[in-house]
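Sequences listed follow chains U and H, in order.
The letter at position 87 of the first sequence is residue 86 when you use numbering that gives the first Met the number 0, and the numbering goes up by one with no holes.
The letter at position 218 of the second sequence is residue 217 when you use numbering that gives the first Met the number 0, and the numbering goes up by one with no holes.
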Amino acid sequence: MLFSNLQIEPDELPQIEEVEFHSLEPDYLWMRLTGWGIFFLIAAGILVFVSFSASLALWMLIAPLLVLALLVTFIEVRGFKIKGYALRENDISYKSGLLFFSMTSIPLNRLQHCEVSQGPLGRLFELASVRIYTAGGSTSDLSIGGLKKEAAHRLRDHITRLSARYE
Amino acid sequence: MNEPDLKQPKRQATVSVVVLFFKNLRTGVNIFISFFFGQYLFQVDLSSGWFQVIISLIVFALLITSILQYRRFFFYVSGQQFIIEKGVLSRDKVTIPFDRIQSVHINQNPVQRILGVVGLKVDTAGSSQKEIEIAALEGNYARNIQNFLIRMKKQNQEQEEGEEDAEWETGPSEPLVKLSPADVLRVGITENHLRNGLALMAVIFGYFWQFEEYLQRFEPIFETQKNFVVNRWLQILPLAVGVFAVVAVVLSLIQSFLRYYNLRFFIDGSGAKLISGLLRRVEYQIPRSKIQFIKWSSNPLRKLAGLRTLVVKQAGSLESSDRQSLKVPGLRFEQLQVIKDSFLPEWQSSEMVEFKASTFLIVQRSIWTGLIPALMLAGLGFLFPLFWSVAALWLLSGIYLAWRYQPTVKLACNKEMILLSKGWVFPETAALKLFKVQNVRLAQNIFQRRRKLVHLDLYTAAGRLRMLQMNEQEAREVYNYVLYRVEGTQKDWM
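Have a look at this one:
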């Protein structure tokens, strides 16, 4: 009852914990793993080059990379279940992170603008992300990846409509 | 109040050619130094005819550019927008709707002061390309435009209850803070000398890198000097520390006089206003409704002198940019109290609930600022045995500082506002009204999960404020409450 002396019952406050978070498209996991795969392939290529020019045994360089790749895969797979977003009447929330968990909520009356973005991998997997910006910073405050393209557009339109009430 | 006629496109004062010329010249010289000097300075004969011809041509080109910049620069008002047209090669048109204006301020650099004109700058919350600067205007005219723009901005924003921005007084009211030369001296002496000295060293080393090739010629001299330095380091080290200290203090003093000379800080219902500077006079004002949060801090020397530094933050694209905030050093306790009462009447509106950081913060901080650097120093110990004791000393003081730091980390909150304080050596407190928050975030790493601890971040348009190592349950209650407060407000926050 921390807020009881503020004459507000904490139990009466809308609580973010009780909200059902939507999970992301399963394809998004594959998309992220593909992205990592490309990264590790390029890294391996550089290491092969290094091993030739520095005459070091290849496995000494590749083994740590493999361990790292396995670790990343484990974290991505386990962490995927944690990722999710929730849209309430007055705010939007996103959570993610296995090792570094974080949960962010942006009240819609503080929203500056909102956009759908799709990278080259996104086009391949037909997935898009919705980015939400508030004032001040130059990077997006919240980015919800792994949405079907139509769903992303619908979500953006919905958010824009909800936040337009405050104009 | 005089209404400036801005219906027709207006040019700046004619002398702006000179102001623009000096500005271009400075940019030119900077480019020149970095491109030209670094490579060829010591091979080019400065008195050769060709060199002089090239220099004259460049200066002439800069002059023509300045004249064109002046000829093609117009500002005017159309509808509800302030418009600037400029550009030498391409025509640029920058449009700022009145309600997007964050603040309008007037400054004066030495060139402008000699010519008797001032520069006018309009800040918007958006990106830096949308910033407008008019190089030279006659002083009263600039002030008229400043007042006009701020008035128009207010008309364009429906202000909500209580948050009404009063008219700016044209005649200055009584300043709350006024620094006499003795005060500026006090501020200069109590600056963070270590930081200033290190910043200076970084600049010097930066220049050394640039001229590295040139310096290699002196290598034989360095070689003979090296033996001398190595043999006598015990005598030289205290001397070097002494020289560093003196230079750092002198530098702080010069900086303080340049920045804070004749500083006057005004505060009333309409907002905050700061006038200061020795060579470059800056006049900076932030309307009350644009203030995102205020922060006051101190350091060991300032604490002894009973002084605090106040920073008034407004929305900006850069988190810690000094340009976007208003800084008053040398604030006395009573003056701080006046500011609190004036800015934050909410302080008294309801009781504060206080949350402390967990003692796990001591462990975390000891590891990051004590153990890890100490291990690196210990690594050097294999080369120079002296570093073993340095490492041990570092570790012990790291743990001690972490132990003193933890109790100072606090979040206090009432119905309307939040106070975040932290720091033992460098205490600082930030105060913000809850409805200014734009984004709330909980962050928890695997070490915190088992202990049910989180960091709580509050993002405002002027940057992030963080509460460290807070009990998860309490943090979630604050999280939900802040969201509830922000979502329930109709007030405009920037």
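Every residue gets a Cβ at the ideal spot worked out from N, C-alpha and C, and that includes glycine.
Would you grab the beta carbon distance between H:T308 and H:S297 for me? Rounded to a whole angstrom, and I think it's under 8 Å. Taking the first residue of the second sequence as 1, we reach residue 308 of chain H at position 309. Taking the first residue of the second sequence as 1, we reach residue 297 of chain H at position 298. Yes, they are in contact, since the Cβ atoms of H:T308 and H:S297 sit about 7 Å apart, within 8 Å.
Work out the CA separation of H:L199 and H:F21 for me, nearest whole Å. Here residue 21 of chain H refers to the residue found at position 22 of the second sequence. Here residue 199 of chain H refers to the residue found at position 200 of the second sequence. Approximately 26 Å, taken between the alpha carbons.
Would you mind working out which of H:M351, H:L374, H:F359 and H:F434 sits nearest H:L410, comparing C-alpha positions? Position 411 of the second sequence, counting from 1, holds the residue named residue 410 of chain H. Ranking H:M351, H:L374, H:F359 and H:F434 by Cα distance to H:L410 puts H:M351 first.
Have a look at U:S52 and U:A62 and give me their C-alpha separation to the nearest angstrom. As a working mapping, residue 52 of chain U is identified with position 53 in the first sequence. As a working mapping, residue 62 of chain U is identified with position 63 in the first sequence. Cα to Cα, U:S52 sits roughly 18 Å from U:A62.
What are the residues that DSSP puts in a beta bridge with H:K421? As a working mapping, residue 421 of chain H is identified with position 422 in the second sequence. In the DSSP output, where bridge partners are listed per residue, H:K421 has H:E427.
Residues of the stretch 96-123 of chain U with a CB closer than 9 Å to any CB of chain H: list them in chain order, please. If you check each beta-carbon in the stretch 96-123 of chain U against every beta-carbon of chain H, the ones closer than 9 Å belong to G96, L97, L98, F99, F100, S101, M102, T103, S104, I105, P106, L107, N108, R109, L110 and Q111.
If the criterion is Cβ atoms closer than 9 Å, does the pair U:G78 and U:S54 meet it? Working through the first sequence from its first residue, we reach residue 78 of chain U at position 79. Working through the first sequence from its first residue, we reach residue 54 of chain U at position 55. Not closer than 9 Å, so no.
Within 9 Å, strictly: CB atoms of H:F496 and H:I266: Residue 496 of chain H lies beyond the stretch modelled for chain H, which goes from 0 to 493, so this question has no answer here.
Cα-Cα separation, H:I131 to H:E427: Along the second sequence, one-based indexing puts residue 131 of chain H at 132. Along the second sequence, one-based indexing puts residue 427 of chain H at 428. Spanning the two alpha carbons is a distance of roughly 33 Å.
For H:N191, which residues of its own chain have a beta-carbon under 6 Å away from its beta-carbon, when the five flanking residues on both sides are left out? In the second sequence, the residue the question calls residue 191 of chain H occupies position 192. So the list reads N298, once near-sequence residues are dropped.
H:L376 to H:P406 span [Cα, whole Å]: Reading the second sequence from its first residue, position 377 is the one you call residue 376 of chain H. Reading the second sequence from its first residue, position 407 is the one you call residue 406 of chain H. So the alpha carbons of these two residues sit roughly 28 Å apart.
Let me check understanding here. Comparing Cα to Cα, which of H:L262, H:S420 and H:N155 lies closest to H:L277? If you number the second sequence from 1, residue 277 of chain H lands on position 278. Checked all of H:L262, H:S420 and H:N155; the closest Cα to H:L277 is H:L262.
May I ask you to list, following chain order, the residues of the stretch 71-94 of chain U that have a beta carbon less than 7 Å from some beta carbon of chain A? Note that chain A does not occur in the displayed structure, where the protein chains are U and H.
Distance between H:N413 and H:G462 (C-alpha atoms, nearest Å): Locating residue 462 of chain H in the second sequence gives position 463, where the first residue counts as 1. Locating residue 413 of chain H in the second sequence gives position 414, where the first residue counts as 1. Those two C-alpha atoms are separated by around 21 Å.
Report the residues of the stretch 439-452 of chain H with a CB closer than 9 Å to any CB of chain U, ordered along the chain. V439, R440, L441, A442, Q443, N444, I445, Q447 and R448
Any C-beta of chain U sitting closer than 9 Å to the C-beta of H:Y260? Locating residue 260 of chain H in the second sequence gives position 261, counting from the first residue. No, no contact with chain U.
Run through chain H and tell me which residues come within less than 9 Å of U:E158, C-beta to C-beta. If you number the first sequence from 1, residue 158 of chain U lands on position 159. A small correction: the amino acid at residue 158 of chain U is Ile; Glu does not occupy that position in the sequence shown. By Cβ distance, chain H contributes nothing, its closest Cβ being about 14 Å from U:I158, past 9 Å.
Report the CB separation of H:L452 from H:E471 in whole angstroms; it is logged as a contact under 8 Å. Within the second sequence, residue 452 of chain H is the residue found at index 453, counting from 1. Within the second sequence, residue 471 of chain H is the residue found at index 472, counting from 1. Here H:L452 really is in contact with H:E471; their C-beta atoms are around 6 Å apart, less than 8 Å.
Please confirm if U:I143 has its CB atom under 9 Å from at least one CB of chain H. Here residue 143 of chain U refers to the residue found at position 144 when the first sequence is read from its first residue. It does not; no Cβ of chain H falls within 9 Å.
Is the separation between the beta-carbon of U:G135 and that of H:T459 shorter than 9 Å? Translated into positions along the first sequence, residue 135 of chain U becomes position 136. Translated into positions along the second sequence, residue 459 of chain H becomes position 460. A contact, by the Cβ cut-off of 9 Å.
CA-CA distance, H:G268 and H:G115? Position 269 of the second sequence, counted from the start, is the residue given in the question as residue 268 of chain H. Position 116 of the second sequence, counted from the start, is the residue given in the question as residue 115 of chain H. Going from the Cα of H:G268 to the Cα of H:G115 covers about 31 Å.
So, does the CB of H:M493 fall closer than 9 Å to a CB anywhere in chain U? Within the second sequence, residue 493 of chain H is the residue found at index 494, counting from 1. Interface residue, yes.
Residue-level contact to chain U via CB, H:E476, 9 Å cutoff: Stepping through the second sequence from its first residue, residue 476 of chain H is reached at position 477. Yes, because at least one Cβ of chain U sits closer than 9 Å to the Cβ of H:E476.
Verify whether the separation of the beta carbon atoms of U:R130 and U:E149 is less than 9 Å. Taking the first sequence and counting its residues from 1, the one referred to as residue 130 of chain U is at position 131. Taking the first sequence and counting its residues from 1, the one referred to as residue 149 of chain U is at position 150. Cβ atoms of U:R130 and U:E149: not closer than 9 Å.
How would you write the range of the alpha helix (DSSP H) that H:N29 sits in, first residue to last? Taking the first residue of the second sequence as position 1, residue 29 of chain H is located at position 30. Per DSSP, H:N29 belongs to the alpha helix (DSSP H) from S15 to F31.
Kindly list the residues whose CB is nearer than 8 Å to the CB of U:F20, restricted to its own chain and excluding five residues on each side of it in sequence; keep chain order. The residue you call residue 20 of chain U lines up with position 21 of the first sequence. Counting only Cβ-Cβ distances below 8 Å, and skipping sequence neighbours, we find G83, Y84, A85, S92 and K94.
Secondary structure at H:I398, three-state DSSP: helix, strand or coil? If you number the second sequence from 1, residue 398 of chain H lands on position 399. Helix at H:I398.
For U:R155 and H:L5, what's the separation of their Cα atoms in angstroms? Residue 155 of chain U sits at position 156 when you count from the first residue of the first sequence. Residue 5 of chain H sits at position 6 when you count from the first residue of the second sequence. Each residue's Cα considered, the two are about 40 Å apart.
For H:P3, which residues of its own chain have a beta-carbon under 6 Å away from its beta-carbon, when the five flanking residues on both sides are left out? The residue given as residue 3 of chain H occupies position 4 in the second sequence. Answer for H:P3: N143, I144 and F147, listed in chain order.
My understanding is that H:Q107 touches H:I95, with C-beta atoms under 8 Å, so please give their C-beta distance in whole angstroms. By 1-based counting over the second sequence, the position of residue 107 of chain H is 108. By 1-based counting over the second sequence, the position of residue 95 of chain H is 96. Their Cβ separation, rounded to whole angstroms, is 22 Å, which puts H:Q107 and H:I95 out of contact at 8 Å.
Segment limits, beta strand (DSSP E) that includes U:P13: In the first sequence, counting from the first residue as 1, residue 13 of chain U sits at position 14. Per DSSP, U:P13 belongs to no beta strand (DSSP E) and is neither H nor E.
One or two residues paired with H:F74 in a DSSP bridge: One-based indexing of the second sequence puts residue 74 of chain H at position 75. In the DSSP output, where bridge partners are listed per residue, H:F74 has H:K9 and H:I83.
Chain U contact for H:G241 (CB, 9 Å cutoff): Counting from 1 along the second sequence, the entry for residue 241 of chain H is found at position 242. No Cβ of chain U is located within less than 9 Å of the beta carbon of H:G241.
Residues of its chain near H:E282, where Cβ-Cβ distance is below 7 Å and the 5 sequence neighbours each way are ignored: Residue mapping note: residue 282 of chain H aligns to position 283 of the second sequence, counting from 1. Excluding residues within five positions, the ones whose Cβ falls inside 7 Å are H104, I105, N106 and I274.
To the nearest angstrom, how far is it from the Cα of H:G48 to the Cα of H:R25? In the second sequence, residue 48 of chain H corresponds to position 49, counting from 1. In the second sequence, residue 25 of chain H corresponds to position 26, counting from 1. The straight-line gap from Cα to Cα measures roughly 23 Å.
Contact under 9 Å by Cβ, H:V110 with H:A141: Residue numbering aside, residue 110 of chain H sits at position 111 when the second sequence is read from its first letter. Residue numbering aside, residue 141 of chain H sits at position 142 when the second sequence is read from its first letter. No, these two residues do not count as a Cβ contact at 9 Å.
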